[in-house]
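This report refers to the structure that appears directly beneath it.
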Amino acid sequence: MEFTVLGRRAFLVEAPAISAEPGPRPWVWYAPTLPGLPAKEEAWMFERLVAAGVAIAGIDVGESYGNPAGRSLFTAWHALLGHRGYSRRPALLARSRGGLMLYNWAAEHPDSVAGIAGIYPVCNLESYPGLTKAAPAYGLDKTQLAAQLAQHNPVDRLAPLARAGVPIMHLHGDQDEIVPLEANSALLAERYRALGGPVEVQIFAGQGHNYWSGWFQSQALVDFLVRCART
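Just so we're aligned, residue 1253 is where the sequence shown starts under this note's numbering, counting upward by one.
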C-alpha cells in the first residue's frame, strides 16, 4: 500500500504472517525510495522477507543525499510506522545512494536501528556524489559542506552505532567505479571495527555497480535482515 507523508510518497509491503504474533511488527526500511525504486531487482528479497513475517517500507525524500531535511522526513515516517504497531527498531536496507540517507538517520537514532544491510551502499559523500553535487541539497556551497562534513558523512558518524552494537553487513564489488569499494564499504568497515562495531563486507571479485542477480538474490543478506528485524 502507498501513503502520503508530509507530502511525500511512501510505501508499505505488509507481511500477513505477522498479524497473529504478539508485540511490535518487524520491518525492513528500504532506501532510496525514488521513482523506479524499489525496482524489480528487489522482488526476490521482498518476497522472502514477507514470507519470513517481515514487512518492508520506505519513503521518498528526494535526492537528499542524506541531508537534514530528509532525515526529518525519515523521523516522521519512523513515528508513523510506530503508531501503526511496527517495531521502533527496524532493520535498514540501503541500495547505492540509499546508504547516505539511512546511515545519516541511523547515526542520530542508533537505539532505533536493529541492523544495517547494504548493496553497494554509498557511505562517503566525498566519493559519491561528490561535495560539489551534494552541497545544494544541504543548502550549502562546496566549501561550507566540506567544513561541516563530519556532521553529514556516514563514514565520519559511526561511533554512536558502534556504541549501540548495531550489526552491519554490506555486499560490494571490487570493480565498482561509481561507488568505489575502498572509499565506501571498505573504509566504513575499517573504521567500524576500530570502534568495536560488528561488521561484515562480502566482496565480489569482478563486479561493479550493476544489476547482477547476486546482489539481489543473496540468501545471506535476507537471513541477516530477518535476524535483525526479528530481534
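Virtual Cβ for every residue (Gly too), placed ideally from N, Cα, C.
Since this is a predicted model, take the numbers as computed values, not measurements.
| Item | Value |
| --- | --- |
| Tyr1463 to Glu1294, Cα distance in whole Å? | 10 Å |
| Here's the rule I'm using: 16 or more other beta-carbon atoms within 10 Å means buried, otherwise exposed. How should Ser1465 be labelled? | exposed |
| Measuring CB to CB, does Val1453 end up less than 7 Å from Met1297? | no |
| When DSSP labels each residue in this structure, what does Gln1454 get in the three-state scheme? | strand |
| What are the complete beta strand (DSSP E) segments, minimum 3 residues, inside the region 1321 to 1370? | 1343 to 1347 |
| Pairing CB atoms from the region 1282 to 1292 with CB atoms from the region 1361 to 1371, are three or more of them under 8 Å? | no |
| Classify Asp1428: buried if its beta carbon has 16 or more other beta carbons within 10 angstroms, exposed otherwise. | buried |
| Indicate whether Leu1447 and Ala1414 have their beta-carbon atoms separated by less than 7 Å. | yes |
| Could you have a look at Tyr1380 and say whether DSSP puts it in helix, strand or coil? | coil |
| With C-beta atoms as the reference, is Ile1308 less than 7 Å away from Ala1262? | no |
| Using DSSP's beta-bridge definition, name the partner residues of Met1421. | Ala1369 and Glu1452 |
| Along the chain, where does the beta strand (DSSP E) containing Trp1279 start, and where does it finish? | Trp1279 to Ala1283 |
| So which of Leu1433, Ile1455 and Gly1449 has the shortest CA-CA distance to Gly1417? | Gly1449 |
| Ordered along the chain, which non-local residues of its own chain (more than five positions away) have a Cβ less than 6 Å from that of Asn1319? | Ala1389 and Tyr1390 |
| Measure the beta-carbon distance from Phe1476 to Gly1367 and round it to whole angstroms, keeping in mind my assumption that it falls under 8 Å. | 7 Å |
| Closest by CA to Leu1423, which one among Pro1268, Tyr1372, Leu1344 and His1335? | Tyr1372 |
| By the three-class DSSP mapping on this structure, what secondary structure does Arg1260 have? | strand |
| Consult DSSP for Gly1275 and reduce its assignment to one of helix, strand or coil. | coil |
| Identify every residue that forms a DSSP beta bridge with Glu1266. | According to DSSP, which records beta bridges pairwise, Glu1266 is partnered with nothing at all. |
| Do Ala1481 and Val1280 have their C-beta atoms within less than 7 Å of each other? | yes |
| Are Met1421 and Ala1359 close, meaning C-beta to C-beta below 7 Å? | no |
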